[in-house]
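Engineer: A single structure is presented below for examination.
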Amino acid sequence: MNCRFFIAQVLSKAAYRLMRLVGKRGSYFVGVVATKICPDYLRYLKFKGKVIAVTGTNGKTTTSNLLHDFFAHEGLSCANNGYGSNVEAGVASTFVPTSRLNGVVEEAYVVLEVDERSSIHTFKRLKPDYLLVTNLFRDSYERNAHPEFIAMILEQSIPDETFLILNADDLISSGLKPKNPRRYFSLEKEPKEAVRSLSRVVDQVICPHCDATLQAVSVHYHHIGRFSCPNCGIVSPEADYKGVYNSETKQFRLEEGSSVTPYPCISENLANLYNELAALATLRVLGFEPERLQQAFGQLEVVSTRYEEEEIAGKKVVVTLAKGVNPIASSRVLDYIQSRVDERIAVVLVNTETDGHTAGPQYDDLKSAYTENPAWMYDVDFEYLCHPHIKQVIVGGKRFLDYKARLLMAGLTEAQLRCFRNPLDCAKGLDLSEVDAVYILHQVYNRYYAEELRAQIRKELER
Amino acid sequence: MKVELLFSEISAQYGEKGDQEFLKQIVGEGNYVETSLSEKPAFLQEDIDLVFMGPLTEQHQLKVIDRLSPYKEEIREKLENGQTILCVGNALEVFCEHIVSPEGKYCAGLGFFPFEARQNLMKRHVSFFLGVDEDLSVVGFKTQFTMLHGPDHEYGLFKKKRGCGLNPESGWEGIRYKNFFGTYLLGPFLILNPLWVKKLLANLGEEVMLPYESVLMEAYEMRKSEFEDPKTFYGH
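As they're listed, the protein sequences go chains A and B. Letter by letter, the first sequence follows residues 1 to 463 in my numbering. Letter by letter, the second sequence follows residues 1001 to 1236 in my numbering.
Here it is in structure tokens:
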């Protein structure tokens, strides 16, 4: 056994026990200890079971959690980094407590959420048996640049032997590592699926082979759908696993060639339909029988740290994550809001970085010093808010003026908009008598504001 | 006034679709043309007051160079005759000598300006910028894989007050040659700099009220103050 690895194991395991003693659960720190002492830490692990990595821009966490929850439900041992981060040290932190001192990982399955940008480091040392790529979209400009760059990173880092499970409806990720063994999944578009509005941002506009403008055969959103090239004739790949959702019967089924199997639908939200489909496709590739999957998926649910809905004095109040610098994630939430045509809606946007990476009165000093690039707002489909049922749009945070400019460009009027420097003042801009529902959109680090606003709304409604 | 959005389907990375739409709103329907990658640029075929090209992916940069190379001499003539062209982000590199990577991968640009773009895909530069164009303050953000090296004192567009210029040693951001303007600043660039937009338009003989101008001005003044504050920081 490698000496450095052994020392890394001893010290990181000791660090893990110490963290547990002081009440820390998921700790990235122990992974940092392990990889600092032994940078090749992941290379020295010996897996008895199957290693399944999940990467992509959106849906990694939900999909890897679904996979882990399935294994747990079935009583199959599974290690996963659900409590750790998805960069290399976070992945390492998963194995510090679960591996033996000699590096053997006994679990029958390992499910790893892997940050796509960091895959260049992670996959240098850890070769997954299977890799599921959910999709590739534009994300943080500062870190991830654009999906072509991330596709290049993945192309360089995915091992040649890894079996790929790819989204046939995404022309960017479906073309990865063409020589690797693979299976594709695809979500069929319901005839009734509303084409509410076209997305502003389409990351794959021209044919990857001949540069001609692609023709859409059917589009779900952004560049996700079926496309063909009128010039060279290439089309989106055929799927091995085709998901079909019927919004009237709420039935979800999986078609594999001539075989059709119904499955419980965990969530009818489009993004989650893809997540469930990706998980099912992966489990079918692993050899799990449809009957077993049918039973288990009836018990699984999508973790709702990202969406909370409650009724307060007859009004619906929703707190939902809409990651600011991820324009696609924000657009998906706004698309959902625009679909709620039976509700009179107020939208509260506090999803900028909000003056720093964390929010709360204790971070006032940090707040005053941080500036944010508002360019991401111009990739978000705020035009989705231009509907008669969306009565009020309230914005709060340091970037309130940038937000106002963007929303005016999108077509909202001054009369619809209320903008506040202090996010906690947003409740003042609400006229609750005019609306049935309030949707509060927050960032990853500033849920605090959303919860405070909800409390203010509750106080007002229950007065 | 007529505007051309050059290769608009691929030249709108990093939120610059906002600048495309801003220009459309300024000139109004019927006064802009969007040229796709498969078409000959409109400014080589008709009178276009302002050509705009935004940031590209690195692969698309190469495609654009390839598409424009057959028209190099026509473009050169237009530049010399004062055609107004604004390139934002790495679009300006298309017009420079070449792009080179640490591994030695080399790609020739159109060669109009004696600058070398040193590209490192494993090292992303992120910063904010405060500078001046004569008496006018300019603000923006930089997020890029390249640094441009060349005679910045001859071609520099914005004098640096704070942040990073064309490269860490440079006192200038951007390139200007006659009516060619190239800058790495994003935000989107035009939306963050309403005064500079008005100056650009005035040079083209247009005195206009910008859409939601008062909001843009307020945001610009607020950002300028932030950038002047030595405590301000940006980046992850």
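Quick reminder that beta carbons are idealized off the backbone N, C-alpha and C, glycines included.
Give me the Cα-Cα distance between phenylalanine 297 of chain A and arginine 284 of chain A, rounded to the nearest whole angstrom.
Structural biologist: Straight-line Cα distance between these residues: approximately 13 angstroms.
Engineer: Which one of B/Asp1133, B/Ile1175, B/Phe1145 has the shortest CA to CA distance from aspartate 1152 of chain B?
Structural biologist: Minimum Cα distance to aspartate 1152 of chain B is reached at B/Ile1175.
Engineer: Please report how far the alpha carbon of leucine 101 of chain A lies from the alpha carbon of arginine 253 of chain A, in whole angstroms.
Structural biologist: Looking at the two C-alpha atoms, the distance is approximately 44 angstroms.
Engineer: In whole angstroms, what is the alpha-carbon distance linking aspartate 381 of chain A and arginine 200 of chain A?
Structural biologist: If you take the alpha carbons of aspartate 381 of chain A and arginine 200 of chain A, they lie about 6 angstroms apart.
Engineer: Contact criterion: CB-CB distance below 9 angstroms. Does alanine 322 of chain A meet it with respect to chain B?
Structural biologist: Closer than 9 angstroms: no.
Engineer: List the residues of chain B that threonine 122 of chain A touches, going by C-beta distances under 9 angstroms, in chain order.
Structural biologist: Ordered by position in chain B, no residue passes the 9 angstroms Cβ test against threonine 122 of chain A, which lies about 15 angstroms from the chain.
Engineer: Specify the secondary structure class of glycine 1018 of chain B as computed by DSSP and reduced to three states.
Structural biologist: Helix.
Engineer: Could you tell me which chain A residues have their CB closer than 8 angstroms to the CB of arginine 1124 of chain B, listed as they occur along the chain?
Structural biologist: Within chain A, the residues near arginine 1124 of chain B are Glu142, Arg143, Ala145.
Engineer: Is it right to say lysine 459 of chain A is buried, meaning 16 or more other beta carbons lie within 10 angstroms of its own, or is it exposed?
Structural biologist: Exposed, since its Cβ has fewer than 16 Cβ neighbours within 10 Å.
Engineer: Going by DSSP in three states, tyrosine 184 of chain A sits in which element: helix, strand or coil?
Structural biologist: Looking at tyrosine 184 of chain A - three-state DSSP - the assignment turns out to be strand.
Engineer: Is any beta-carbon of chain B found at less than 9 angstroms from that of leucine 401 of chain A?
Structural biologist: Closer than 9 angstroms: yes.
Engineer: Against chain B, does asparagine 373 of chain A count as a neighbour if the rule is that its beta carbon must be under 9 angstroms from one of theirs?
Structural biologist: Yes, because at least one Cβ of chain B sits closer than 9 angstroms to the Cβ of asparagine 373 of chain A.
Engineer: What does threonine 249 of chain A touch in chain B if you count any residue whose Cβ is under 7 angstroms from its own?
Structural biologist: Ordered by position in chain B, no residue passes the 7 angstroms Cβ test against threonine 249 of chain A, which lies about 39 angstroms from the chain.
Engineer: Where lysine 1024 of chain B and glycine 1018 of chain B are concerned, what is the direct C-alpha to C-alpha distance, given to the nearest angstrom?
Structural biologist: The straight-line gap from Cα to Cα measures roughly 10 angstroms.
Engineer: Isoleucine 7 of chain A: buried (16+ other C-beta within 10 angstroms of its C-beta) or exposed?
Structural biologist: By the neighbour-count rule (16 or more Cβ atoms within 10 Å), isoleucine 7 of chain A is not buried but exposed.
Engineer: Please check if any C-beta of chain A sits within less than 9 angstroms of the C-beta of glycine 1131 of chain B.
Structural biologist: By this cut-off, glycine 1131 of chain B is not an interface position.
Engineer: Give me the Cα-Cα distance between lysine 1063 of chain B and lysine 46 of chain A, rounded to the nearest whole angstrom.
Structural biologist: Lysine 1063 of chain B and lysine 46 of chain A: Cα-Cα distance of roughly 45 angstroms.
Engineer: Using only alpha-carbon positions, find the residue among A/Arg117, A/Leu171, A/His121, A/Lys179 that is nearest to phenylalanine 149 of chain A.
Structural biologist: With distances taken between Cα atoms, phenylalanine 149 of chain A lies closest to A/Arg117.
Engineer: Taking the Cβ atom as the reference point for each residue, do valine 30 of chain A and alanine 92 of chain A lie within a distance shorter than 9 angstroms?
Structural biologist: In contact: valine 30 of chain A and alanine 92 of chain A (Cβ atoms closer than 9 angstroms).
Engineer: For glutamine 456 of chain A, tell me which candidate among A/Gln299, A/Thr61, A/Ile312 has the shortest Cα-Cα distance.
Structural biologist: For the residues A/Gln299, A/Thr61, A/Ile312, the minimum Cα distance to glutamine 456 of chain A belongs to A/Ile312.
Engineer: Verify the CB distance criterion: does aspartate 115 of chain A have a CB-CB separation below 9 angstroms to chain B?
Structural biologist: No, aspartate 115 of chain A does not count as interfacial toward chain B.
Engineer: By a C-beta neighbour count over all protein chains shown, 10 Å radius and 16 as the cutoff for buried, is threonine 413 of chain A buried or exposed?
Structural biologist: It is exposed - the Cβ of threonine 413 of chain A has fewer than 16 other Cβ atoms within 10 Å.
Engineer: Helix, strand or coil for cysteine 3 of chain A, going by three-state DSSP, please let me know.
Structural biologist: If DSSP states are grouped into helix, strand and coil, cysteine 3 of chain A belongs with the helices.
Engineer: What distance in whole Å lies between the Cβ atoms of valine 205 of chain A and histidine 222 of chain A, which are believed to be in contact at a cut-off of 8 angstroms?
Structural biologist: Contact doesn't hold; Cβ gap of about 11 angstroms is too wide.
Engineer: Quick check on tyrosine 1032 of chain B - is its C-beta less than 9 angstroms from some C-beta in chain A?
Structural biologist: No, tyrosine 1032 of chain B does not count as interfacial toward chain A.
Engineer: Who are the near neighbours of glutamate 1097 of chain B in its chain, counting only those whose CB is closer than 8 angstroms to its CB and skipping five residues on each side?
Structural biologist: Same-chain partners within the cutoff: Ala1108, Gly1109, Gly1111, Phe1113, Pro1114, Phe1115, Glu1116, Gly1150.
Engineer: At a Cβ threshold of 9 angstroms, is tyrosine 445 of chain A touching chain B?
Structural biologist: No - not a single Cβ of chain B is within 9 angstroms of the one on tyrosine 445 of chain A.
Engineer: Using three-state DSSP, classify histidine 1060 of chain B as helix, strand or coil.
Structural biologist: Correct three-state label for histidine 1060 of chain B: helix.
Engineer: Report yes if the CB atom of isoleucine 165 of chain A is closer than 9 angstroms to the CB atom of leucine 198 of chain A, and no otherwise.
Structural biologist: In this structure, leucine 198 of chain A does not lie closer than 9 angstroms to isoleucine 165 of chain A by Cβ.
Engineer: May I ask you to list, following chain order, the residues of the region 192-225 of chain A that have a beta carbon less than 9 angstroms from some beta carbon of chain B?
Structural biologist: Answer set for the region 192-225 of chain A: Arg200, Val201, Val202, Val205, Ile206, Asp211, Ala212, Thr213.
Engineer: Three or more C-beta pairs under 8 angstroms: does that hold for the region 415-431 of chain A against the region 376-396 of chain A?
Structural biologist: Result yes; three or more Cβ-Cβ pairs closer than 8 angstroms.
Engineer: Between the Cα of serine 85 of chain A and the Cα atoms of A/Gly411, A/Glu190, A/Thr55, which residue gives the shortest distance?
Structural biologist: Closest by alpha carbon: A/Thr55.
Engineer: On the DSSP letters alone, give me the boundaries of the alpha helix (DSSP H) that asparagine 1120 of chain B sits inside.
Structural biologist: Neither: asparagine 1120 of chain B is in no alpha helix (DSSP H) and is coded neither H nor E.
Engineer: Ends of the alpha helix (DSSP H) at tyrosine 1106 of chain B?
Structural biologist: It is not in any alpha helix (DSSP H) - tyrosine 1106 of chain B instead sits in the beta strand (DSSP E) that spans 1106-1108.
Engineer: Look up glycine 103 of chain A in the DSSP assignment and say whether it is helix, strand or coil.
Structural biologist: DSSP places glycine 103 of chain A in coil when its eight states are reduced to three.
Engineer: So what does DSSP say about lysine 1142 of chain B, is it helix, strand or coil?
Structural biologist: Looking at lysine 1142 of chain B - three-state DSSP - the assignment turns out to be strand.
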